[in-house]
Amino acid sequence: MPRGKQTCKILKEIRKQIAAENDIELVISECTYQGDCLGTCPKCEAEVRYLERELEKRQRLGKVVSVASVSVSLLVGTNACSVQSEVTSAEKNKVESSVILEGYPIPLIENPTMLNSDLILSEEIPLILPRKPTEIDEEKETILGYSVDQLPQFPGGDTELLNYVNEYVRNNYPWPAGPYGVEGNVFVSFTIEADGSLSNIKVLKGLGFGCDEVALELVKAMPKWKPAMNRGKAVIYPQYALPVRFELPKEGRELELVTYVERPPVFPDGEEKLKEYLKENVVYPQEAREAGIKGKVFVAFVVETDGKLSNVYVLRGIGGGCDEEAVRVVQSMPNWEPATQRGKTVRMIYMLPIAFSEIKTDK
Amino acid sequence: MIILAADMTQAQIFAVSRHRLTTDGEGVTTLVTFNGCPLRCKYCLNKTSWDAAKGRLYTPKELYEEVKIDQLYFLATKGGVTFGGGEPLLQVDFIREFRALCGPQWSIVVETSLNVPEESVMKVDEVVNGYIVDIKDMNADIYQTYTGKDNALTLKNLEWLLQRREARNVVVRVPHIPNFNTDADVQQSIATLKSMGVTEIDEFNYIIR
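Chains as they are written, first to last, in our numbering: chain A, 46 to 408; chain B, 29 to 237.
Printed below as a string of structure tokens:
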């Protein structure tokens with residue numbers, strides 16, 4: 046079946062399901078459109094508009110409207126035409142598919158990896174700031190909106206601000222960002238009050254590895270600013286966003302720490318032995334068990350050139366005593382085989398997920 | 029300071045392709061391809077994107093008006109818009125403004141090389157649901173030979189992403205590239221990616237006709 050027709054069939058199926066979910070009468074007739082089908086046609090489009098109108102009607106009448114329930118992969122699976130693909134997947138994550146490089150990519154994937162669409166939007170971050178100044182609230186003497194005559198200023202101006210930030214970072218480079226060679230920006234947002242003091246200091250977008258905490262401390266330790274001015278009056282300025290740059294000193298780096306290598310570090314005797322070691326040594330803490338806490342603790346560490354593990358850091362923990370247990374087990378491990386790049390051993394960061402869950406036994 | 033003016037952002041788009049099914053993320057998606065890419069891959073699928081003259085300029089609003097016709101399918105199937113190209117992360121302001129227009133229910137996926145400044149990834153991460161990353165090869169020399177650029181930024185951005193979000197939202201595609209990498213290279217790339225925490229790995233072949 047040509048691809049256009051296949052798409053049309055699938056979209057029709059989706060419309061059918063939406064109609065069925067919401068008790069909408071939809072007359073499904075066979076498509077009589079002749080010629081090259083692109084997957085949609087005026088009749089199909091009209092059906093979509095009809096569905097939208099019917100759904101809106103129901104919403105206005107206070108009825109519950111349900112739309113997000115159709116699984117496309119199931120539809121693609123049942124309607125797939127026969128294609129030449131080499132799907133050899135035994136492992137869950139391995140799919141063999143092909144991309145033909147001249148012309149448009151044609152999907153040959155039969156079991157596509159599904160992306161989950163959970164989206165967490167940080168509500169305090171405005172995506173678009175208004176360009177025109179908005180009303181002044183006379184009672185509160187604040188400006189609602191972000192447009193002012195004069196922006197707030199760090200004492201001494203932008204050059205002094207930059208010096209302050211760089212000096213602070215240089216003297217307080219965070220752990221384990223230092224040993225891990227982590228560099229980048231932490232975006233901190235804060236309010237500059239009408240008296241120049243800073244409040245509501247928080248991380249807008251962090252970097253992790255201890256950098257976020259240092260960036261917050263840096264801002265909290267700042268002297269008062271020159272406040273924003275509007276119409277000759279000092280006013281509050283909310284949500285000033287400051288990038289705090291973390292950059293490692295270029296000189297004095299004796300051991301180059303790399304994060305991608307030809308041969309990654311290995312637990313003595315291989316991955317199976319690592320799994321066994323974890324099984325035998327990880328103790329599921331009572332506290333976590335009782336609280337129903339389970340999942341994976343992501344632990345990172347450096348494998349030194351002699352195989353010793355150092356700078357053990359919890360990237361993402363789950364609490365209940367599991368994080369500490371994961372660190373304990375990693376620190377108890379024997380030396381690993383270090384990573385190699387072009388025949389030389391190199392230091393490398395390794396990230397290991399350690400699972401905590403009830404294992405059902407037959408006892 | 030982060031300031032965006034609503035009707036000043038524009039981007040050159042050379043194609044808007046409706047009703048894509050599961051190739052570019054979950055559900056029914058519309059693929060929007062931007063012009064402009066920092067890489068010059070030998071077997072690029074979309075060399076049109078290298079030509080600044082192809083396609084036309086859009087504002088986020090114009091694009092939204094054009095793609096919202098399929099909103100019902102997006103909501104019904106957890107689909108939405110996939111930004112590709114070219115390199116979509118050269119247009120992060122555009123994407124952020126687009127999110128403000130389409131709302132939180134649409135899925136926004138980016139097909140990217142991640143070979144962009146770190147600030148770009150951080151800025152766009154707030155509004156994106158998922159990433160599809162064609163990593164080419166994890167070996168720096170092979171990557172340089174195939175794309176003409178080094179992959180330091182790609183790796184930094186990938187590490188950052190894996191730390192900031194669930195690994196299930198970052199799909200890394202690892203291609204067998206004829207004449208540029210071997211089976212052993214590909215397996216090595218996969219092993220390294222796994223050790224970084226990638227769980228969604230799509231191993232596939234470039235077939236040249």
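Don't be surprised by glycine CBs; every beta carbon is placed ideally from N, CA and C.
Please read these numbers as outputs of a predicted model, since none were measured by experiment.
Taking Phe232(B) as the centre and dropping the five residues before and after it, the same chain places the C-beta of Arg201, Val202, Pro203 and His204 closer than 8 Å to its C-beta, in chain order. In the three-state reduction of the DSSP assignment, Asn167(B) falls in the coil class, being assigned neither a helical nor a strand state. Contact note: Pro309(A) reaches chain B through Ala219, Thr220 and Ser223, using a C-beta cutoff of 8 Å and chain order. Contact check between the segment 136 to 150 of chain B and the segment 110 to 118 of chain B: three or more CB pairs, one atom from each, fall below 8 Å, which counts as touching. Residues of the same chain with a CB within less than 8 Å of the CB of Leu129(B), apart from the 5 flanking positions on each side, are Pro88, Lys89 and Tyr92 in chain order. Residues of chain A with a Cβ closer than 8 Å to the Cβ of Leu91(B) do not exist; the shortest Cβ-Cβ separation is about 15 Å.
Where Lys222(B) is concerned, the enclosing alpha helix (DSSP H) starts and stops at Asp211 to Met224.
For the segment 135 to 151 of chain B, residues whose beta-carbon sits nearer than 7 Å to a beta-carbon of chain A comprise Ser135, Val137, Glu146, Glu147 and Met150. The alpha-carbon of Ala260(A) is positioned some 20 Å away from that of Asn185(B). Comparing C-alpha distances from Asp351(A) to each of Val110(A), Leu323(A), Asp257(A) and Pro310(A) shows the shortest one belongs to Pro310(A). A contact is defined here as three or more CB-CB pairs under 8 Å, and the segment 314 to 328 of chain A fails this definition with respect to the segment 172 to 182 of chain B. Residue contact check for Glu205(A) against chain B: no CB pair falls below 8 Å.
Residue-level contact by beta carbon fails for Met267(A) and chain B, as no gap is shorter than 8 Å. Nearest to Asn209(B) by alpha-carbon distance, out of Thr175(B), Glu187(B) and Arg192(B), is Thr175(B).
A buried status is given to Asp165(B), since no fewer than 16 other beta-carbon atoms sit within 10 Å of its beta-carbon.
Distance from the CA atom of Tyr358(A) to the CA atom of Thr76(B), rounded to whole angstroms, is 45 Å.
Looking from the CA of Asn216(A), the closest CA among Arg392(A), Met396(A), Lys108(A) and Glu292(A) belongs to Glu292(A). Under the three-state reduction of DSSP, Arg127(B) is assigned to helix.
Put simply, the CB of Leu181(B) is far from chain A, with every gap to its CB atoms at 8 Å or more.
In terms of Cα proximity to Glu92(A), the closest of Ala266(A), Glu316(A) and Arg60(A) is Arg60(A).
Between Phe62(B) and Gly107(B), the C-beta spacing is not below 8 Å. Contact between Lys247(A) and Phe232(A) does not hold, since the beta-carbon distance rounds to 10 Å and is not under 8 Å. According to the DSSP assignment, Met393(A) belongs to no alpha helix (DSSP H) but to the beta strand (DSSP E) extending over Lys389 to Phe401. Counting only Cβ-Cβ distances below 8 Å, Leu85(B) has no contacts in chain A at all, with the closest Cβ about 19 Å away. Restricting attention to Thr50(B), Glu54(B), Pro132(B) and Thr173(B), the CA atom closest to the CA of Leu67(B) is found in Thr173(B). Cβ-Cβ separation between Val391(A) and Ala384(A): approximately 5 Å, consistent with a contact (criterion under 8 Å).
Closest option to Met396(A), judged by alpha-carbon separation, among Gln133(B), Gln215(B), Ala81(B) and Trp188(B): Trp188(B). Between the beta-carbon of Val110(A) and that of Leu96(A) there is about 11 Å, and that puts the pair past the 8 Å contact cut. The beta-carbon of Ile63(A) is placed less than 8 Å from the nearest beta-carbon of chain B. At a cut-off of 8 Å between beta-carbon atoms, Met378(A) makes no contact with chain B. When Cβ-Cβ separations below 8 Å define contact, Met274(A) makes no contact with chain B. Counting only the Cα atoms, Ala371(A) lies some 7 Å from Val327(A). Scanning chain A for C-beta atoms nearer than 8 Å to the C-beta of Tyr101(B) yields Leu56, Ile59 and Val93, reported in chain order. Bounds of the beta strand (DSSP E) holding Tyr159(B) are Gly158 to Asp162.
Your pair Pro219(A) and Val347(A) does not check out as a contact, with CB atoms roughly 15 Å apart and the cut at 8 Å.
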